[in-house]
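Quick notes on the structure that follows.
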Amino acid sequence: MKNILIVLLGPTGVGKTDIAVGLAQSFSTDVISADSRQFYREMTIGTAVPSDEQLKRVKHHFIQFLSIEDYYSASIFERDVLALLPSLFTKNRLVIMAGGSGMYIDAVVNGIDDIPDVDPAAREKYNRMYSEQGIESLRMALKILDPEYYSIVDLRNHKRIIRALEMCETTGKQYSSFLKNEKHPRDFSILKIGLNRSRDELYARINERVDEMIEKGLEEEAMRLYPKRHLNALNTVGYREFYDYFDCKITLDKAIELIKRNSRRYAKRQLTWWAKDETIKWYNPGETEKVFSLISGL
RNA sequence: GGGGAGAUACCAAAGCGGCCAACUGGGGCAGACUGUAAAUCUGCUGGCUAAUGCCUUCGUAGGUUCGAAUCCUGCUCUCCCCA
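Given below as structure tokens:
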């Protein structure tokens with residue numbers, strides 16, 4: 012019988028955590044978190060990590076194992092998860108991976124092309140070019156360094172252009188030459204289960220959850236991390252809005268309202284990411300018995 | 001009771017005779033995205049249409065005009081000031 016990685020995915024706030032814990036417990040297996048912000052140990056309330064009680068009941072991996080100062084990526088995640096899985100599969104042929112970071116999940120499921128790590132100096136160089144000279148100079152540089160990628164990128168998205176430029180700079184090759192889009196074979200099966208609910212319901216849950224985070228002390232958590240606000244990990248819904256409040260750019264009520272709105276938008280972007288993936292079997296969190304019986308039959 | 005201001009699409013808010021299906025912002029919807037991804041970026045948002053286009057809109061009922069969201073009159077409602 013083949014080992015199976017059950018991927019439980021869905022937009023923020025649908026209720027993945029509870030179901031993942033329930034599944035892991037009844038099939039006595041572990042949970043791998045595929046949530047790019049729950050990786051950081053300094054962020055707890057705003058990222059809605061599983062509760063202490065849930066963490067005690069089920070062994071979780073990749074929860075709060077990094078510092079916000081650390082560099083991490085979907086590619087490293089792929090490598091780390093693949094390195095961990097064999098030992099988990101010796102204990103149980105079913106392992107659950109739950110989370111909402113589409114790109115990280117895809118890296119584990121399909122693999123991601125092998126591209127060298129960026130030279131921080133190159134990244135710095137193009138970030139500076141962007142802030143000092145604007146996007147047009149980035150475009151011109153890309154047109155020269157990698158005309159092929161230039162013809163397919165979204166030329167209005169500076170992050171895309173910078174990524175290509177920094178890779179051209181650090182490798183001396185065209186960024187597009189690394190993009191092979193090859194699917195990496197896996198020696199285990201994968202079952203993707205998507206969780207979703209009606210938009211109204213999802214949004215109402217998100218709004219409520221933000222209020223709960225505020226009650227639990229999100230403002231204080233954000234305040235504690237304020238000195239580090241320039242770090243990428245803190246360019247996150249629930250934190251960045253507080254920084255505008257601390258900087259007196261917006262009121263507290265406005266910050267809370269924006270956290271809710273940005274969380275809703277994030278949920279929508281997640282759904283867009285998965286929309287064309289026909290391998291996902293979608294369920295409403297209210298029909299967990301179906302998910303249980305589906306997995307029992309594996 | 002008297003005087004003044006205003007009613008615009010889901011909300012806010014421009015427009016004040018033709019270039020207006022109507023600026024802009026919010027909200028919403030849809031999408032892109034191979035290493036910073038809870039990031040970054042894009043389109044749409046009166047109805048029908050693949051598109052050209054057509055149809056119904058700017059409180060309401062009339063009027064003026066070749067032509068009105070824009071001007072005039074009545075009515076309804078809201079707000080402010082005086083009594």
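My numbering numbers the first residue of the first sequence as 12 and each following residue consecutively. In this text, a Cβ means the ideal position worked out from N, Cα and C, and glycines have one as well.
Since residue 194 and residue 122 are thought to touch, with beta carbons under 8 Å apart, how far apart are those beta carbons, to the nearest angstrom?
Against the first sequence, residue 194 aligns to sequence position 183. Against the first sequence, residue 122 aligns to sequence position 111. Correct: roughly 6 Å between the Cβ atoms.
Residue of 38, 204, 14 minimising C-alpha distance to residue 290
Working through the first sequence from its first residue, we reach residue 290 at position 279. For residue 290, the nearest C-alpha among the options comes from 204.
Looking at the strands, I want to know which residues DSSP matches up with residue 109.
Sequence index remark: in the first sequence, residue 109 carries index 98 (1-based). Listed as beta-bridge partners of residue 109 by DSSP are 19, 44.
Measuring straight from C-alpha to C-alpha, what distance separates residue 237 and residue 221?
Position 226 of the first sequence, counted from the first residue, corresponds to residue 237. Position 210 of the first sequence, counted from the first residue, corresponds to residue 221. Approximately 19 Å between the Cα atoms of the pair.
Determine, using beta-carbon pairs with one atom in the stretch 109 to 127 and one in the stretch 38 to 53, whether at least three such pairs fall under 8 Å.
yes
When the distance is taken between beta carbons, is residue 225 closer than 9 Å to residue 267?
Stepping through the first sequence from its first residue, residue 267 is reached at position 256. Stepping through the first sequence from its first residue, residue 225 is reached at position 214. Against a cut-off of 9 Å, the Cβ pair of residue 225 and residue 267 comes out as a contact.
So for residue 169, helix, strand or coil by DSSP?
What you label residue 169 is simply residue 158 of the first sequence in a count that begins at 1. Residue 169 falls in the helix class under three-state DSSP.
Taking 6 Å as the limit between beta carbons, can you name the residues of its chain near residue 160, skipping five residues before and five after?
For the purposes of this step, residue 160 is taken as the residue at position 149 of the first sequence. Result list for residue 160: 175, 186, 187, in chain order.
For residue 157, count neighbouring Cβ atoms within 10 angstroms of its own Cβ and tell me buried if that reaches 16, exposed if not.
Against the first sequence, residue 157 aligns to sequence position 146. With 16 or more other Cβ atoms within 10 Å, it is buried.
Count the other C-beta atoms from every protein chain shown that fall within 10 angstroms of the C-beta of residue 228, then say buried if there are 16 or more, exposed otherwise.
Numbered from its first residue, the first sequence carries residue 228 at position 217. So residue 228 counts as exposed.
Considering just the uninterrupted stretch of the beta strand (DSSP E) at residue 343, what are its terminal residues?
The question about residue 343 has no answer here: the residues shown for the chain are numbered 12 through 309.
Exposed unless 16 or more other CB atoms sit within 10 angstroms - verdict on residue 163:
Taking the first sequence and counting its residues from 1, the one referred to as residue 163 is at position 152. Per the 10 Å Cβ criterion, exposed.
Assuming residue 225 is part of the alpha helix (DSSP H), what are its boundary residues?
Within the first sequence, the letter at position 214 stands for residue 225. That run of the alpha helix (DSSP H) goes 210 to 227.
Local Cβ density within 10 Å of residue 259, reported as buried at 16 or more and exposed below that:
Stepping through the first sequence from its first residue, residue 259 is reached at position 248. That one is exposed.
Bridge partner(s) assigned by DSSP for residue 79:
Position 68 of the first sequence, counted from the start, is the residue given in the question as residue 79. Its beta-bridge partners do not exist; DSSP assigns none.
Do residue 107 and residue 206 have their beta-carbon atoms positioned less than 9 Å apart in this structure?
The count along the first sequence starts at 1 and reaches residue 206 at position 195. The count along the first sequence starts at 1 and reaches residue 107 at position 96. The Cβ atoms of residue 206 and residue 107 do not sit closer than 9 Å to each other.
Tell me whether residue 291 sits in a helix, a strand or coil according to DSSP, three-state version.
As a working note, residue 291 is residue 280 in the first sequence. Strand.
Would you report the Cα separation of residue 126 and residue 180, rounded to the nearest angstrom?
Position 115 of the first sequence holds residue 126. Position 169 of the first sequence holds residue 180. Residue 126 and residue 180: Cα-Cα distance of roughly 13 Å.
Are residue 52 and residue 78 close, meaning C-beta to C-beta below 9 Å?
Taking the first residue of the first sequence as 1, we reach residue 52 at position 41. Taking the first residue of the first sequence as 1, we reach residue 78 at position 67. In this structure, residue 78 lies closer than 9 Å to residue 52 by Cβ.
Span of the alpha helix (DSSP H), counted from its first residue to its last, around residue 131:
Residue 131 sits at position 120 when you count from the first residue of the first sequence. Residues 131 to 144.
Can you say whether residue 82 is buried or exposed, counting buried as having 16 or more other CB atoms within 10 angstroms of its CB?
Residue 82 sits at position 71 when you count from the first residue of the first sequence. Under this definition residue 82 is an exposed residue.
Could you tell me the distance, in whole angstroms, from the CA atom of residue 269 to the CA atom of residue 57?
Taking the first sequence and counting its residues from 1, one reaches residue 269 at position 258. Taking the first sequence and counting its residues from 1, one reaches residue 57 at position 46. Each residue's Cα considered, the two are about 14 Å apart.
So for residue 51, helix, strand or coil by DSSP?
For this step, residue 51 is matched to residue 40 along the first sequence. In this structure, residue 51 counts as strand in the three-state DSSP scheme.
Whether residue 32 touches residue 208 by CB criterion (9 Å):
Your numbering for residue 32 matches position 21 in the first sequence. Your numbering for residue 208 matches position 197 in the first sequence. Their beta carbons are not under 9 Å apart, which means residue 32 does not touch residue 208 by this criterion.
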